[in-house]
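A.B. asks: Dropping the structure in here first, questions after.
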Amino acid sequence: MQRMCRRKPIYYRLRDVAMATQDEKPRHIFNAVSLQPRNQTYRPLCFFVRRQSVFSNCGIDSERAMEKIYILCEQGRLKEAMAMLHLMEHADNQVNHNAYACLLQSCIQMKDLFQGKRLHAHMIKSNFNPGIYMGNSLINMYAKCDNLVDSRQVFNKMPVKNTCSWNTTLSGYAKIGDMEHALQMFQEMPERDAVTWTVMIAAYTQFGHCQEALLLYKRMLQEGTLPNQFTFTSVVSMCTNLENFELGKQVHGHIIILGVGSYVAVGNSLLNMYAKCGSTEKARLVFDQLLLRNVYSWNTLLGMYAQSGSLDFMQRLFDKMPAKDVVSWNSMIAGHVQHGNDSKAFELFVQMQQDGMNPDIITFISILTACSKLEALKQGKQVHTHAIKTGLELHGTMGNALVSMYAKCGCTDDARFVFDKMPELNVVSWTAMIAGYLRCDSIDFARQLFDRMPERDVVAWTAMIVGYAQYGDEKEVIQLSEHMLRSGPKPNNFTFSCILSVFASLADLEKGRQIHAHTTKIGFDSHVSVSNSLVTMYAKCGIIEDARQVFRHMPEQDAVSWTAIIAGNAQHGFGREAIHLFEIMLQKGMKPDHITFLGVLTGCSHAGLLDEGRYYFSFMSQDYRITPRASHYACMIDLLGRAGCLREAVDLINNMPIEPDAYVWGALLGACRVHGNVDLAKHAAEGLFMLEPEHAGAYSLLANIYASSGKWDDVAKVRKLMKDRGVKKDPGCSWIEIKNKVHVFGVEDGRHPQTVEIYAMLEKLALQIREEGYVPNMKFVLHDVEEEHKEQILCHHSEKLAIAFGLINTPSGTTIRIIKNLRACGDCHTATKFISKIVGREIIVRDAIRFHHFKNGLCSCGDFW
1 MQRMCRRKPI YYRLRDVAMA TQDEKPRHIF NAVSLQPRNQ TYRPLCFFVR
51 RQSVFSNCGI DSERAMEKIY ILCEQGRLKE AMAMLHLMEH ADNQVNHNAY
101 ACLLQSCIQM KDLFQGKRLH AHMIKSNFNP GIYMGNSLIN MYAKCDNLVD
151 SRQVFNKMPV KNTCSWNTTL SGYAKIGDME HALQMFQEMP ERDAVTWTVM
201 IAAYTQFGHC QEALLLYKRM LQEGTLPNQF TFTSVVSMCT NLENFELGKQ
251 VHGHIIILGV GSYVAVGNSL LNMYAKCGST EKARLVFDQL LLRNVYSWNT
301 LLGMYAQSGS LDFMQRLFDK MPAKDVVSWN SMIAGHVQHG NDSKAFELFV
351 QMQQDGMNPD IITFISILTA CSKLEALKQG KQVHTHAIKT GLELHGTMGN
401 ALVSMYAKCG CTDDARFVFD KMPELNVVSW TAMIAGYLRC DSIDFARQLF
451 DRMPERDVVA WTAMIVGYAQ YGDEKEVIQL SEHMLRSGPK PNNFTFSCIL
501 SVFASLADLE KGRQIHAHTT KIGFDSHVSV SNSLVTMYAK CGIIEDARQV
551 FRHMPEQDAV SWTAIIAGNA QHGFGREAIH LFEIMLQKGM KPDHITFLGV
601 LTGCSHAGLL DEGRYYFSFM SQDYRITPRA SHYACMIDLL GRAGCLREAV
651 DLINNMPIEP DAYVWGALLG ACRVHGNVDL AKHAAEGLFM LEPEHAGAYS
701 LLANIYASSG KWDDVAKVRK LMKDRGVKKD PGCSWIEIKN KVHVFGVEDG
751 RHPQTVEIYA MLEKLALQIR EEGYVPNMKF VLHDVEEEHK EQILCHHSEK
801 LAIAFGLINT PSGTTIRIIK NLRACGDCHT ATKFISKIVG REIIVRDAIR
851 FHHFKNGLCS CGDFW
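Just so we're aligned, residue 1 is where the sequence shown starts under the UniProt record's numbering, counting upward by one.
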């Protein structure tokens, strides 16, 4: 009856009207095709009504009244048509079946529950027997008007029901998401057709219960009911929502077999699925096979190419579109913004308006995003002015976009002005303003807003945690994280990754383990980004075996996962393991980036794998076209220098296409210390001082080299230079955590409550390791004092004090983990090897450069450090 509400009269074939006189099949009139009267076999419906109506002899012309009802219904004047019906009632005119059907269909189309109830009451009062068709229409009318109670009453009172009766009632429940009653009716139905299954599958898909929809689809096929085009439209959408693209491809095959792929709705759903899974070729094939295309078809293929970055192809499709709507323009603009072509997005924005298309809120938000990325404040203000003229300025999402734009352009005052003017603030508004303050390092203002938020979501919590992490305030990160886990919203994967990175930098194993337990509890430990952070956290906390275990148990691994485990093994001195993992990564088709190669070269550097390092340095640039960065050169110089190839290291520096940075000169300076090359050390130090004149470590390292060579006058000059430049050396210290408490030790430290026990343990260890062959290396004493005093200073280095404390306060056989802020000295390295042997324990020391695993008198670095 959709066509009967048009102003143009509807014409029917004589055969259809003849069949309509039979009560059981009146639907042919309402399903008939609207045709122009090409010959005498077609007549307006009112022609047949005039000839077939039964009239009374009252004063009203029944024939003209009935015709008037049809005309009023066609014109959408339902209230007047109902008035005519009641006028006929007062004149005792008989109302026929077709008039009731016409009025009822008008009530359905206009969703006029009041007039529908009046019509239903009129039928009852007139003792009109609606029959199955009209009964189904009444069910549909009440359901379309969201009155499911009366819809169900009509259904229950129908003496005879057909499948359409059940489906119409079922659709009413499914429409509002009342799947409990819908499922109950579905199970009670004596027989089901394709419409029944489709209604249920579509409802489950629409309301997010895609697994239930999938089970119903499989059951439908098992029971032998063939899907129709409407079924397939919902099933393909279900596969897309589930990201089950393999099943989607199977469904596509079924669609081809049944020949329904040419329907626009089916084709569009397939287009959307292939676009979501990134299969551009299959999406284009579906598009080309569509007999009819609507704007949605074109827009879906604009959106897919926009997502994939095929901007040229997207432009060609856009130019071919027979009609462009605002969605088409928005897809083009958003595609260019998404892929960094912001200038083109501005051009399209102007062209869109020149072509007479008015921007909507989506357009403005895309353009404001481009302004944010370009930090184009001038253009952003112009867009703001345009939005004011269109009345969209203070719309929720529009206001949020403006706040974000001004904040990213560094104008927090303007951002706050918009924020304060917004009539309604949601959590996105607050978070956008907080993010703006954090971006401008106004962390105090951000925290004030955060504390004032009426409701905080996970994004707001995460923004503050990330802000404090970037600000270097680990204490606030920990406090906020604990508060969030205790009483805030459930963290997302990004939150967990941020928290874990902070604990990794602090080497806080205990808290890292707690976060790991929490991620496992709520099911986030299998998320690839969280797992990657766990790998890094365990590696940086010295538990490389736990890092390996997390990596092995990941359901899937991306390039970041492989990079994390390679870097972890490299930092722990397992260079050959890092190379082995890298080769497996390549075999699996993963593409390494510059960070991956940095991990491999670091592994080579820490393990002294000279030939391998040379090979992978060349492999990186020649095979993967990755230009080496300063960090890659620093690794190679460290590797060459420690291997004794100092001339090759210098040549590499001289031939670098970029200027050497502090890490490059620092690597050369470290190599000079290993080999005692004073002249080259001075050259390297000068290069380092030019870049970082306040680099305390460089002065200390140069002084160490002079001291090792007995050049005490030069040592004094370096120390005076430090004093003149106001450079203060960071005091060496080591710390150990036992029972959630951190114990810090300095050289010859006597402040600890257990000092007596610690020094007694050191004396005992000194005697034992001497018996095993340990000889103190006096060149690591940087003071010009007597030999006996030098030995005492060596014995009381901070890492030795921490080891002694750990041996006293931990059970026999457990691993001792020490962290040192500076590079471990050679004497401590040798002594720790002997200690690990005599006490039968593994001792893990993390210094400023890497990890050392001491066990059974050996170190994982192979003494190449």
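The beta-carbon is built from N, C-alpha and C at its ideal position, and this holds for glycine as well.
Identify every run of the beta strand (DSSP E) within the segment 684-740, keeping only runs that are complete inside it and at least 3 residues long; order them along the chain.
C.D. replies: Runs found: 733-738.
A.B. asks: Within 10 angstroms of its Cβ, does Q571 collect 16 or more other Cβ (buried), or is it exposed?
C.D. replies: Looking up residue 571 in the sequence shown gives position 571. Burial call: buried.
A.B. asks: Apart from the five residues just before and just after M200, which ones in its own chain have a Cβ nearer than 7 Å to its Cβ?
C.D. replies: Against the sequence shown, residue 200 aligns to sequence position 200. The answer, listed in chain order, is A174, A182, F186, L216.
A.B. asks: Mind checking which residues open and close the alpha helix (DSSP H) that includes V550?
C.D. replies: Translated into positions along the sequence shown, residue 550 becomes position 550. Note, V550: alpha helix (DSSP H), 544-552.
A.B. asks: Out of I361, C795, V383, E375, state which residue places its alpha-carbon closest to the alpha-carbon of G396.
C.D. replies: Here the question's residue 396 lines up with position 396 in the sequence shown. The candidate whose alpha carbon is nearest that of G396 is I361.
A.B. asks: Among the residues of its own chain, which have a CB less than 7 Å from the CB of A564, if the five just before and after it don't count?
C.D. replies: Taking the first residue of the sequence shown as 1, we reach residue 564 at position 564. Contacts found: N532, V535, T536.
A.B. asks: Whole angstroms is fine: what's the gap from A376's alpha carbon to V149's?
C.D. replies: On the sequence shown, position 376 is the one that residue 376 refers to. On the sequence shown, position 149 is the one that residue 149 refers to. When rounded, the distance between both Cα atoms is 57 Å.
A.B. asks: To the nearest whole angstrom, what separates the beta carbons of I843 and I769, a pair I think is in contact under 8 Å?
C.D. replies: As a first step, residue 843 must be located in the sequence shown, where it is residue number 843. As a first step, residue 769 must be located in the sequence shown, where it is residue number 769. 13 Å between Cβ atoms; not a contact.
A.B. asks: Indicate the three-state DSSP secondary structure (helix, strand or coil) for R751 in the structure shown.
C.D. replies: As a first step, residue 751 is located in the sequence shown; it is residue number 751 there, counting from the start. R751 falls in the coil class under three-state DSSP.
A.B. asks: To the nearest angstrom, how far is the alpha carbon of E74 from that of Q94?
C.D. replies: Along the sequence shown, one-based indexing puts residue 74 at 74. Along the sequence shown, one-based indexing puts residue 94 at 94. E74 and Q94: Cα-Cα distance of roughly 21 Å.
A.B. asks: Which whole-angstrom value describes the C-beta separation of L270 and V236, a residue pair presumed to lie in contact below a C-beta threshold of 8 Å?
C.D. replies: Position 270 of the sequence shown, counted from the start, is the residue given in the question as residue 270. Position 236 of the sequence shown, counted from the start, is the residue given in the question as residue 236. Indeed they touch by this definition, with Cβ atoms about 6 Å apart.
A.B. asks: So who's on the other strand from L858, going by DSSP bridges?
C.D. replies: In the sequence shown, residue 858 corresponds to position 858, counting from 1. According to DSSP, L858 bridges with K855.
A.B. asks: Which residues share a DSSP beta bridge with R817?
C.D. replies: Position 817 of the sequence shown holds residue 817. R817 pairs with I844.
A.B. asks: Measuring CB to CB, does M238 end up less than 8 Å from L258?
C.D. replies: Against the sequence shown, residue 238 aligns to sequence position 238. Against the sequence shown, residue 258 aligns to sequence position 258. In this structure, L258 does not lie closer than 8 Å to M238 by Cβ.
A.B. asks: Where does F745 fall in DSSP's three states?
C.D. replies: By one-based count along the sequence shown, residue 745 stands at place 745. Three-state DSSP puts F745 in a strand.
A.B. asks: Rank Y437, K475, E474, I367 by C-alpha distance to the C-alpha of A460 and give the top, closest one.
C.D. replies: The residue you call residue 460 lines up with position 460 of the sequence shown. Residue Y437 is the option with its Cα nearest to A460.
A.B. asks: Which same chain residues end up closer than 6 Å to A671 when comparing Cβ atoms and leaving out the 5 residues on each side of it in sequence?
C.D. replies: Residue 671 sits at position 671 when you count from the first residue of the sequence shown. Closer than 6 Å at Cβ, skipping near neighbours: G641, R642.
A.B. asks: With distances taken between CB atoms, is the gap from L701 to L646 smaller than 8 Å?
C.D. replies: Locating residue 701 in the sequence shown gives position 701, where the first residue counts as 1. Locating residue 646 in the sequence shown gives position 646, where the first residue counts as 1. Against a cut-off of 8 Å, the Cβ pair of L646 and L701 comes out as no contact.
A.B. asks: In the DSSP assignment, the alpha helix (DSSP H) including V535 goes from what residue to what residue?
C.D. replies: In the sequence shown, residue 535 corresponds to position 535, counting from 1. That run of the alpha helix (DSSP H) goes 528-540.
A.B. asks: My guess is that I808 and E757 are in contact by the Cβ rule of under 8 Å, so how many angstroms apart are they, rounded?
C.D. replies: As a first step, residue 808 is located in the sequence shown; it is residue number 808 there, counting from the start. As a first step, residue 757 is located in the sequence shown; it is residue number 757 there, counting from the start. Indeed they touch by this definition, with Cβ atoms about 6 Å apart.
A.B. asks: Excluding sequence positions up to five away, which residues of its chain have a Cβ less than 6 Å from the Cβ of C164?
C.D. replies: Residue numbering aside, residue 164 sits at position 164 when the sequence shown is read from its first letter. For C164, where only same-chain residues beyond five positions count, the Cβ hits under 6 Å are N136.
A.B. asks: Does A435 pass the burial test, meaning 16 or more other C-beta atoms within 10 Å, or should it be called exposed?
C.D. replies: By one-based count along the sequence shown, residue 435 stands at place 435. The residue is buried, with at least 16 neighbouring Cβ atoms inside 10 Å.
A.B. asks: Could you please give the first and the last residue of the uninterrupted alpha helix (DSSP H) stretch that includes Q222?
C.D. replies: Position 222 of the sequence shown, counted from the first residue, corresponds to residue 222. From DSSP, the alpha helix (DSSP H) with Q222 extends over 210-222.
A.B. asks: To test your reading of the DSSP string, which unbroken alpha helix (DSSP H) runs of 4 or more residues are found completely within the segment 345-433?
C.D. replies: The segment 345-433 contains these whole alpha helix (DSSP H) runs: 361-374, 377-390, 396-408, 412-421.
A.B. asks: Measuring alpha carbon to alpha carbon, tell me which residue in C145, V160, P159, I139 is nearest L170.
C.D. replies: The sequence position of residue 170 within the sequence shown is 170, counting from 1. Comparing Cα positions, the closest option is I139.
A.B. asks: Under the three-state reduction of DSSP, which class applies to D342: helix, strand or coil?
C.D. replies: Working through the sequence shown from its first residue, we reach residue 342 at position 342. DSSP places D342 in helix when its eight states are reduced to three.
A.B. asks: Rounding to the nearest angstrom, what Cα-Cα distance links A407 and A415 in this structure?
C.D. replies: If you number the sequence shown from 1, residue 407 lands on position 407. If you number the sequence shown from 1, residue 415 lands on position 415. Computed Cα separation, rounded: 6 Å.
A.B. asks: Looking at the unbroken alpha helix (DSSP H) that takes in S487, where does it start and where does it end?
C.D. replies: Taking the sequence shown and counting its residues from 1, one reaches residue 487 at position 487. Here the alpha helix (DSSP H) through S487 covers 474-487.
A.B. asks: Would I705 pass as a contact of V678 if the rule is Cβ separation under 8 Å?
C.D. replies: If you number the sequence shown from 1, residue 705 lands on position 705. If you number the sequence shown from 1, residue 678 lands on position 678. Cβ atoms of I705 and V678: closer than 8 Å.
A.B. asks: Using CA coordinates, which residue listed in A469, R629, C604 is at the minimum distance from H594?
C.D. replies: The residue labelled residue 594 in the question sits at position 594 within the sequence shown. Of the listed residues, the one whose Cα sits closest to H594 is R629.
A.B. asks: In whole angstroms, what is the alpha-carbon distance linking I849 and L822?
C.D. replies: What you label residue 849 is simply residue 849 of the sequence shown in a count that begins at 1. What you label residue 822 is simply residue 822 of the sequence shown in a count that begins at 1. Their backbone Cα atoms lie some 8 Å apart in a straight line.
A.B. asks: How would you write the range of the alpha helix (DSSP H) that H594 sits in, first residue to last?
C.D. replies: Your numbering for residue 594 matches position 594 in the sequence shown. Here the alpha helix (DSSP H) through H594 covers 594-607.
A.B. asks: Just reading off the alpha helix (DSSP H) that M656 is part of, what are its end residues?
C.D. replies: Translated into positions along the sequence shown, residue 656 becomes position 656. Element bounds for M656: n/a, residue is neither H nor E.
A.B. asks: How about F346 and Q379: do their beta carbons lie closer than 8 Å?
C.D. replies: As a position in the sequence shown, residue 346 is number 346, starting the count at 1. As a position in the sequence shown, residue 379 is number 379, starting the count at 1. Their beta carbons are under 8 Å apart, which means F346 touches Q379 by this criterion.
A.B. asks: Considering only heavy atoms of the ligand COA, does any lie closer than 7 Å to the CB of Q109?
C.D. replies: The model depicted lacks the ligand COA and carries no ligand whatsoever.
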